[in-house]
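Read through the structure below, which is laid out as structure tokens, and then see the notes.
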Amino acid sequence: MTPRARFLMCEPRHFAVSYDINPWMSAHIGAASNTLARQQWDALATAMAAAGADLVVMENQPAELPDLVFTANAACIHGSRAYLSCFAKPQRTPEQALYQAALQAVGLKTDTRFIDHHIPFEGAGDALQIEGGPLVTGWGFRSNPKAARILAECEKELAIFPAQLIDPRFYHLDTCFCPLTDGSVIWYPGAFSDATRHDIHIALELRGSIEVTETEARDFCCNAVEVGNTLFANHWSDRLISLLAARGYDALSVDLSEFMKAGGAAKCLTLRLD
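Oh and the sequence shown: position 234 is 470 in the numbering used here, straight run, nothing missing.
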């Protein structure tokens, strides 16, 4: 029997756009509806569970941490070890201890080396594994390029591929790059430096990839969650739905407009634990 996908999530009990730490937030301070956000989060969680996901939901949710809902940034998980994030922005630093407690509660060994050495690194937001390939680590806005070297020293069997991000709208790797379990990748080339884009093209040449347009990327289609053969994202274009169907995927749109005001969507709201 195929193991069920397992994710850490956090209800948007106190979600709001109350400060400005990315370009999406800049125009939406105070504009997000917590009531609608809760409805949208419930719809995503319900759909993921129906597709076969097991959800672990954080309980400890201080009101002063509106971004705690974006659990993808909690850590980079490899096997039984969780490399805890060291947040680049002080508004999110208090989240570190809460994520550590939640990950320890599900049996993961938490590693604090990024926090201990004050090296910005924002977990699965900037560290995504290509199936059968390297761990791609984003840098340029929230994570320090040193993070790739440290992960390579810790996980010697892993190939690490640092990727430079250059568009502040796509400040985390998971906003513009989505590896799938069939070995392919959905990505927006315009978010990367010329050198990184060239290297990614070479790395993906034999794997197949789907390049998205700027319009599709701005809908956060790359910020998708895979459960079985279903992909959940804020919005899929008809073009992408057709391309993914040809690969055996059902691409389902789940309106996450309130979270988009904070610069996050489906992937940002989940951390894969297995």
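Beta carbons: idealized from backbone N, C-alpha and C, even for Gly.
Report task. Tell me whether ASN296 is buried or exposed, calling it buried when 16 or more other Cβ atoms sit within 10 Å of its Cβ. Result -> exposed
Query raised in the report: In the DSSP assignment, what residue or residues form a beta bridge with SER445?
Result: VAL421
Report task. Pull up the distance between the alpha-carbon of ALA341 and that of GLU447, whole angstroms please. Result -> 38 Å
Query raised in the report: Is the Cβ-Cβ distance between PHE428 and ALA383 less than 8 Å?
Result: no
**Report entry** Buried or exposed by the 16-neighbour rule on C-beta atoms within 10 Å, applied to HIS408
**Finding:** buried
Query - Alpha carbon of ALA299 to alpha carbon of PHE251, nearest angstrom - result: 8 Å
**Report entry** Where TRP375 sits in the DSSP three-state scheme
**Finding:** strand
**Report entry** Pick from ARG317, GLN275 and PRO398 that is closest to LYS345, judged by C-alpha positions
**Finding:** In terms of Cα proximity to LYS345, the closest of ARG317, GLN275 and PRO398 is ARG317.
Query raised in the report: Under a three-way DSSP split, which group does THR506 fall into?
Result: coil
Query raised in the report: Where does GLN327 fall in DSSP's three states?
Result: coil
Query - Assigned secondary structure, ASP290 (DSSP; H/G/I helix, E/B strand, else coil) - result: Here ASP290 sits in strand by DSSP.
Query raised in the report: Between the Cα of ASN459 and the Cα atoms of ALA395, CYS312, ALA308 and GLU331, which residue gives the shortest distance?
Result: With distances taken between CA atoms, ASN459 lies nearest to ALA308 out of ALA395, CYS312, ALA308 and GLU331.
**Report entry** Buried versus exposed, by CB contacts within 10 Å (16 or more), PRO367
**Finding:** For the sequence presented, residue 367 should be read as Glu rather than Pro. By the beta-carbon neighbour count (other beta carbons within 10 angstroms, threshold 16), GLU367 is exposed.
Query raised in the report: In three-state terms, what does DSSP make of THR346?
Result: strand
Report task. In the DSSP assignment, find the unbroken alpha helix (DSSP H) run with LEU394 in it and report its ends. Result -> Unbroken run through LEU394: none, as it is neither H nor E.
Query raised in the report: From ARG240 to ASP290, what distance separates their C-alpha atoms?
Result: 6 Å
Query raised in the report: Taking C-beta to C-beta, are LYS497 and HIS314 nearer than 8 Å?
Result: no
**Report entry** Reduced DSSP category for CYS457 - H, G, I as helix; E, B as strand; rest coil
**Finding:** coil
**Report entry** PRO404 burial status per 10 Å Cβ neighbour count (16 or more: buried)
**Finding:** exposed
Query - Alpha-carbon spacing of ALA281 relative to PHE413, whole angstroms - result: 22 Å
Query - Close-in-space but distant-in-sequence residues of the same chain around THR417 (CB under 8 Å, 5 per side omitted) - result: GLU367 and GLU462
Query raised in the report: Hey, is the region 352-369 in contact with the region 419-427, meaning 3+ C-beta pairs nearer than 8 Å?
Result: Contact between the region 352-369 and the region 419-427 is present, because at least three Cβ pairs lie under 8 Å.
Report task. Would you tell me roughly how many angstroms separate the C-alpha atoms of PRO302 and PRO248, rounded to the nearest one? Result -> Using only the alpha carbons, I get a separation of about 8 Å.
Query - Reference TYR335, options SER321, ALA453, LYS325 and PRO326, closest by Cα - result: SER321
**Report entry** Where GLU393 falls, given that 16 or more other Cβ within 10 Å makes a residue buried
**Finding:** exposed
**Report entry** Cβ neighbours of ARG242 in the same chain (closer than 6 Å, five flanking residues each side left out)
**Finding:** ASP290, LEU509 and ASP510
Requested in this report: For LEU479, name the three-state secondary structure that DSSP assigns.
Outcome: helix
Query raised in the report: Would you call the CB atoms of ALA324 and ARG378 closer than 8 Å?
Result: yes
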